[in-house]
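Enquirer: Have a look at the structure that comes next, please.
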């Protein structure tokens, strides 16, 4: 029985590894990405459709653009894949300009949203693996380069969000994905590390097995998070929080950054900020200020955190 | 007679296509570009000649730099053309540091300005075509890449103006060439589309004919615009305004962006801006401020219906 | 005797030219670079170790990253040199997280600081020469490209400090290394010009002689400057100030930029700013505002000028 089970899993893993992302999974990725942008870019979409389109493309193809720049390959390359761009453009048009916001409302329905979110996460595995493989071709032995490119490819939309925001005329330098990593960025980094270790054979696993495990983990996590957020509006504590907290307390003496992210540190920060000069523009101050205005600018936060921007909308559409 | 006329036009087009931009037309381009920079960079020219020179070079060679980055070719390449850089540097020096602002004053005379503006527009044709050809070498079939590179090459100075301003210590993130396209950017985009279509033979025209027509259109438009602006100080309505308005009303439901750009919306914007906080930097915060004025409306609803209510807008477009 | 002396200098120059920077000189470069970052990044190091690490790597490898981008070579390449990155990472960890700030305090001791500063300056010669040689391979005849790449390679950390600050959530667009060049940036530019002239044989010197002279000049200047700053806290007037002043007065008519940098021009600037339109956000205005707050935000200035950031700290550690 056990052997049979193993064989079936092996077959499943093989099947998954030979799976094509195009068109259905790519489509799900485009829909989820553009919908994440929707709340922040609605006004821009009326003023300048071109800027809105460009922003959407950066969300959809950000990973390829960023990893292209990092490897000195043309960042314009994603545009050369006409079919993907056409697909993403159609999604963009329907999300922003469809009468009655049809596509937007449909995709906000819980079951469809769960399916789309899950499918988008599947594309992440392929993208991270694509990045690691691409880097491996140029830099055979360099683990760090593989991790960097795999990460950039998988979490590109988030990492270049500063520049995507700039296209829309928004500029919030006080925070970024490195200062305050969102969950998708973290999980992509872990995936990049795993696939890079597998590629350099430090991790004695077969590639298709790792793909299966990582994909299942991604999808399960995303679906459960989305479901709990949409149904219970409960607090979505990161599954990494305890581990992170331990690592930080062990390695990076001083206050735990997890605590910092959950306002434990705020008092001391405020004190330090109060004594700082007026020209100071450090991240902590702005963060403190932002949280003090918390009641008022809920909408702003949704914009700051593109990967979570769907929260508010889904409530409305329920 | 007709045949003869056609033959002459054909000869003219051939002659134009074999025309060299160097040195006279390039010189005109450098003069007009540096003079455009003059007003904004006068103070910087006294504080740091190097930053001023770098800014000027970005204005003169911005297209080549931007298309280089987009195709992963060295952005430093324009510097390798010593003669052009020398010419541009001499122009820069004479404009900024010539006693009595001689070059600046001369080129502000109406006849000379008309000639220079016209000559600069001629270089645009060559640049757009150069960009499209360059992209065609790397990406044979990709219309979109050709358009993007042709556009970047022809309107580069405008598209990278954010970074050029940053060199001078100026930072205005709330607007950019994509959000609010200027006339040269628009006309260059149209040119890039036309030349890309010609290159892929979707447009059944010969290249030198298209070059002639596009150049004549550019020059005529520019000269008439410059003349009317300098003599009458009349309002320079874009020749594309009606077409744009129709396209936007048809495709992008909601208010015409042209209206948004030309003062229809301005009153309400000004009001809202006046009440915004001093730290306000761009559309997102403006919107937040607006929602604060809204009383206790849910901020999210305010986000969904910014600027103009969707309902009102669809009525208007009906 | 004279001949013998010449022979010895020649041997010394040859010995120096064949010297390897790895590991001791590179180590000194990493220590000095990370310590320069320390004051500005302390808070970030508690909030996000990853952003802090990335910032540190940009300080240590900024020149290679910048020259890579300028020559369309992968900016991620420095990561592929595992040993260097590991060394820099260990330094970063010890500086920021070592209990009792051991490494930081040790390296602030005058004799050790003199040695480290001197050794860091030695690496500058190698970097500038490396950049010039790298550019010479791609662009045989272009003096300007060689100067640009040599400069970028040698002073990269300073030139990309805007982006390094952005990683830490700090954004101060009103100044940059081109607008207000620091001493290391200037001396690197001069070095790049000299080595480029030598490479194109306009300067009839042998390479190893030039390396010796430039290195000795760099080290002597740095050591004397560091010593005078740490012991006397005297004003560190640039050795180029008189020459610069003459050049500016001759070539760039109007006020001398050196005067502008030392507040002579300030009154007129303030007047001009007061009469400027409200949309104006030029550098001079900000500079004036900054200098008005001068007494309060000394700490901030240390952050703006990474290459000088040790001033404040060294006082503290005395």
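Protein chains in written order, with our numbering: chain A, 32 to 349; chain B, 32 to 349; chain C, 32 to 349.
Ideal placement from N, C-alpha and C gives every residue a C-beta, glycine not left out.
#1: Count the other CB atoms, across all protein chains shown, that sit within 10 Å of the CB of residue 152/C; report buried if there are 16 or more and exposed otherwise.
#2: Which of the three DSSP states, helix, strand or coil, is assigned to residue 193/B?
#3: Within the 8 Å Cβ cut-off, does residue 103/A reach chain B?
#4: Judging by CA-CA distance, which residue of 237/A, 147/A and 249/A is the nearest neighbour of residue 45/A?
#5: Step through the CB atoms of chain A and report whether any lies within less than 8 Å of the CB of residue 115/B.
#6: Mind the definition here: the stretch 47 to 67 of chain C touches the stretch 140 to 150 of chain C only if three or more C-beta pairs lie below 8 Å; say whether that holds.
#7: So, is the C-beta of residue 180/C closer than 8 Å to a C-beta in chain B?
#8: Counting only C-beta atoms, is residue 245/C closer than 8 Å to chain A at any point?
#9: How would you write the range of the alpha helix (DSSP H) that residue 157/C sits in, first residue to last?
#10: 8 Å is my cut-off, CB to CB: does residue 205/B come that close to chain A?
#11: Locate the alpha helix (DSSP H) running through residue 200/A, then write down its first and last residues.
#12: Is it true that the stretch 97 to 107 of chain C meets the stretch 173 to 185 of chain C, where meeting means three or more beta-carbon pairs spaced less than 8 Å apart?
#13: Report yes if the CB atom of residue 54/B is closer than 8 Å to the CB atom of residue 117/B, and no otherwise.
#14: Keeping to the same chain, check which residues put their C-beta closer than 6 Å to that of residue 93/B; ignore five residues upstream and five downstream.
#15: Taking Cβ positions only, does residue 170/A come closer than 8 Å to chain C?
#16: Would you kindly work out how many angstroms separate the C-alpha atoms of residue 170/C and residue 108/B, rounded to a whole number?
#17: Could you give the DSSP three-state label for residue 40/C: helix, strand or coil?
#18: Tell me which same chain residues have a C-beta within less than 8 Å of the C-beta of residue 160/A, skipping the five on either side of it?
#19: Please state the DSSP three-state secondary structure of residue 57/B.
#20: Can you give me the C-alpha to C-alpha distance between residue 42/C and residue 106/B, rounded to a whole angstrom?
#21: My assumption, with CB atoms under 8 Å, is that residue 210/C sits in contact with residue 75/B. Please give the rounded CB distance.
#22: Alpha carbon to alpha carbon, how far is residue 194/A from residue 197/B?
#23: List in chain order: all unbroken alpha helix (DSSP H) runs of 4+ residues lying wholly within the stretch 48 to 118 of chain B.
#24: Assuming residue 237/A is part of the alpha helix (DSSP H), what are its boundary residues?
#25: For the stretch 83 to 109 of chain A, which residues have a CB atom closer than 7 Å to at least one CB atom of chain B, in sequence order?
#26: Would residue 202/C count as contacting chain A if we go by Cβ distances under 8 Å?
#27: Select from the stretch 46 to 63 of chain C all residues with a C-beta closer than 8 Å to any C-beta belonging to chain A, and list them in chain order.
#28: Mapping DSSP to helix, strand and coil, what is residue 248/C?
#29: Buried or exposed: which applies to residue 91/B, given that a residue is buried once 16 or more other Cβ atoms fall within 10 Å of its Cβ?
#30: Assuming residue 206/A is part of the alpha helix (DSSP H), what are its boundary residues?
#31: If contact means a Cβ-Cβ distance below 7 Å, which residues of the stretch 120 to 138 of chain A contact chain B?
#32: Anything in the stretch 70 to 81 of chain C with a Cβ closer than 8 Å to a Cβ of chain F? List those residues in chain order, please.
#33: Out of curiosity, what's the CA-to-CA distance linking residue 78/C and residue 123/C?
#34: Just to confirm, is the Cβ distance from residue 158/C to residue 185/C under 8 Å?
#35: Check distances from the C-beta atoms of the stretch 209 to 225 of chain B to those of chain A and list, in chain order, the residues that come in under 8 Å.
#36: Please name the residue in 141/C, 245/C, 246/C and 271/C whose C-alpha comes closest to that of residue 259/C.
Expert: Answer, in terms of the structure:
#1: That one is buried.
#2: In this structure, residue 193/B counts as helix in the three-state DSSP scheme.
#3: Output row for residue 103/A: interface = yes.
#4: For residue 45/A, the closest of 237/A, 147/A and 249/A by C-alpha to C-alpha distance is 237/A.
#5: No, because no Cβ of chain A sits closer than 8 Å to the Cβ of residue 115/B.
#6: With the cut-off at 8 Å, the stretch 47 to 67 of chain C and the stretch 140 to 150 of chain C touch.
#7: Yes, because at least one Cβ of chain B sits closer than 8 Å to the Cβ of residue 180/C.
#8: By this cut-off, residue 245/C is not an interface position.
#9: Counting along the chain, the alpha helix (DSSP H) containing residue 157/C begins and ends at 141 to 169.
#10: True, the Cβ-Cβ gap to chain A drops below 8 Å.
#11: In the DSSP assignment, residue 200/A falls outside any alpha helix (DSSP H), carrying neither H nor E.
#12: Flag = yes, the stretch 97 to 107 of chain C and the stretch 173 to 185 of chain C touch.
#13: Contact flag unset, no.
#14: If the five residues before and after residue 93/B are omitted, its C-beta is found closer than 6 Å to the C-beta atoms of 187, 188 and 191, all from its own chain and listed in chain order.
#15: It does; some Cβ of chain C falls within 8 Å.
#16: Cα atoms of residue 170/C and residue 108/B: separation of roughly 9 Å, rounded to the nearest angstrom.
#17: In the structure shown, the three-state DSSP call for residue 40/C is helix.
#18: By the criterion of a C-beta distance shorter than 8 Å, residue 160/A is surrounded in its chain by 181, 226, 238 and 242, once the five residues flanking it on both sides are discounted.
#19: Here residue 57/B sits in helix by DSSP.
#20: Using only the alpha carbons, I get a separation of about 40 Å.
#21: About 7 Å separates the Cβ atoms of residue 210/C and residue 75/B, confirming a contact at the 8 Å cut-off.
#22: Spanning the two alpha carbons is a distance of roughly 15 Å.
#23: 55 to 78 and 80 to 101, all fully within the stretch 48 to 118 of chain B.
#24: Taken as a continuous stretch (DSSP letters only), residue 237/A belongs to no alpha helix (DSSP H), as it is neither H nor E.
#25: Residues passing the 7 Å Cβ filter: 85, 103, 104, 105, 106 and 107.
#26: It does; some Cβ of chain A falls within 8 Å.
#27: For the stretch 46 to 63 of chain C, the beta-carbon criterion of a distance under 8 Å to any beta-carbon of chain A is satisfied by none of its residues.
#28: Under the three-state reduction of DSSP, residue 248/C is assigned to helix.
#29: Here residue 91/B is buried. Its C-beta has 16 or more other C-beta atoms within 10 Å.
#30: Run containing residue 206/A: none; DSSP gives neither H nor E here.
#31: Residues passing the 7 Å Cβ filter: 128 and 130.
#32: Absent from the structure: chain F. Protein chains present are A, B and C.
#33: Between the C-alpha atoms of residue 78/C and residue 123/C there is a straight-line separation of about 15 Å.
#34: Annotated as proximal: residue 158/C and residue 185/C, with beta-carbon spacing under 8 Å.
#35: Result list: 209, 210, 211 and 212.
#36: Looking at the Cα atoms, 141/C is the closest of the given residues.
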